[in-house]
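Numbering (my numbering), first residue to last: 1 to 645.
Glycine residues also receive a C-beta, built at the ideal position from the N, C-alpha and C atoms.
Right, one structure below, let's go through it.
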């Protein structure tokens, strides 16, 4: 019996040695030669592939190292491509007597990294949610092979069917409006189920970093969309998330290493007993977790707080955003290398013009700095904006590249101005007084611009997909025009939110879906089409035409990109911000009260530069500057001056 058992074990061992080498996926699926950083990490996945030996025979390519992780089904191969030319190389995987050869394509780059130009303060970003903008291909609304098979426009938090083809079909709409760059919320695969009321239509729960979600289209369609946008003078900014992925990502069921995620203990089988279970209130509702689960506090201050406790810092950085979004460990160098390469791959493959990084301070500070330093070296003229949701300018400024406020350099070129967002949404409901209320809030925020290393690289906004719409549940166009006039003329990179130009409104008090409604006219069967002048209502056309005039005036205007900024303390409720160049100026004037006011032009002579008249670009009327200007309640003026005329 003992001999039979030994023979059986030897037979099984031999069978294992002779089993076919398992390689079912390599990420990235291809790469590019001529990069400044010649190293390449290949994440190889396959059954028991960890024990395989790897060989490559291709001119200019060598294996620097191999990392065998905790999971038997992952193998990391680090290649050096210095001197390699484009072509198809062969990777040879050996296990015992078995060999598997895999072809791997190295491509030429479309252009050198320094030729890729990012977005700047000359641009206006138009942010939209692909699922909610336009459905150009109803055939990709749902797939039986995916966990969520639902497309239901009656449910505010389920998928509605918008896609990249719908965006492509409306590129001329963006041109007519006058924006110059498009920021889509994430397009990558989110193959997670819905619970009957909620889904991952928003795109922030990635399950495949190298694949566009098929309900939005294909990688090839993404490339086509970017190319056609470029042909119309539109840039494209890609939304990325390095802090977390989706719970249905293959990494969760089979973790490459024990430290691939932060605090994953709650997923362990031994912690699934009834004794460990509990309910937790999270940002998206109650969730069933267990006592090993660590929730982020959503408080970002500990990351920069010089007095922060370790427990507070750990909760912020290592805690999960929600239980369905596993927190990636950027301190693991293999994780960080994977993410860095992924961003480079999308730049090279699709040709995006910028990146918006979600939940920036929640991820490891050093890991993210390495990412930005690597991208800046490879693409010195590219641009990345990070979401840093704290409403104090000093916090935001400390995250900007080369900031003197931080002991560590983030290398992040552009930050988001949550202070402006916060103050403008308070000011809209207030009377501007002599001290703190109304537009004093904007004055008192902008006066701290000396904190920024580069105010040109600050992105301002009045609303986005995570906030109430600026209009709330109303349609106060007077307040909206004041906010937009300031947003589009101050020294910032402005970001608009889709539909504001046609008076889309809504609040989050019931569901986020109410600030992410479908753009009217973007879906089959829509009776109201706001994409065309004929389809818009009179009020919608008035708003569209107003903002379009301002946007087209802004394009290529050096007053905006290079003009010195001067602001005046609000006087008698009137707030004035000027941008000046020698002999030229533009003044944005807002009456922050519900009463008629006068702007005393003598007070503003330093920016009027002796001009006697100005052109109100919003009405195309000439304004006499030799006398005081009467302003109607909540009036907005944008006056352009050429003192040499």
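By the criterion of a C-beta distance shorter than 7 Å, residue 432 is surrounded in its chain by 438, 439, 440, 570, 573, 575, 592, 593, once the five residues flanking it on both sides are discounted. Residue 304 carries a coil assignment under DSSP once its states are collapsed to helix, strand and coil.
Straight-line measurement puts the Cα of residue 229 at about 33 Å from the Cα of residue 423. Per DSSP, the continuous beta strand (DSSP E) segment holding residue 31 begins and ends at 30 to 32.
Burial is judged here by how many other beta carbons sit within 10 angstroms of a residue's own beta carbon; residue 630 has fewer than 16 and is exposed. Residue 341: member of the alpha helix (DSSP H) spanning 333 to 350, first to last residue. Residue pairing for residue 309: DSSP places it in no beta bridge. Around the beta carbon of residue 296, 16 or more other beta carbons lie within 10 angstroms, which makes this residue buried. For residue 43, the three-state secondary structure derived from DSSP is strand. For residue 132, the closest C-alpha among the options 152, 111, 567 is that of 152.
DSSP places residue 641 in the uninterrupted beta strand (DSSP E) bounded by 636 to 642.
In the displayed model, residue 424 falls within a helix according to three-state DSSP.
In this structure, DSSP gives residue 99 an extended state, which the three-state scheme calls strand. Fewer than three beta-carbon pairs drawn from the region 135 to 152 and the region 91 to 108 are found closer than 8 Å, and the two stretches are therefore not classed as touching. In this model, residue 620 and residue 602 are separated by some 23 Å (Cα to Cα).
Of the candidates 405, 498, 337, 178, the residue whose Cα lies closest to the Cα of residue 37 is 337.
Ranked by Cα distance from residue 467, the options 509, 487, 490, 450 are led by 509.
Residue 252 and residue 326 have their alpha carbons spaced roughly 8 Å apart. Rounded to the nearest whole angstrom, the CA to CA distance from residue 524 to residue 166 is 11 Å. 298 is the residue among 306, 298, 323 whose C-alpha sits nearest the C-alpha of residue 315. Exclusion of the five residues before and after residue 622 leaves 613, 614, 615, 616 as the residues of its chain whose Cβ lies within less than 8 Å of its Cβ. In this chain, the beta strand (DSSP E) harbouring residue 278 covers 277 to 282.
Nearest to residue 288 by alpha-carbon distance, out of 324, 170, 176, is 324.
With a cutoff of 9 Å on beta-carbon distance, residue 84 and residue 126 are scored as not near each other. As DSSP reads the structure, residue 621 sits in a beta bridge with 616. No Cβ-Cβ contact shorter than 9 Å links residue 415 with residue 489.
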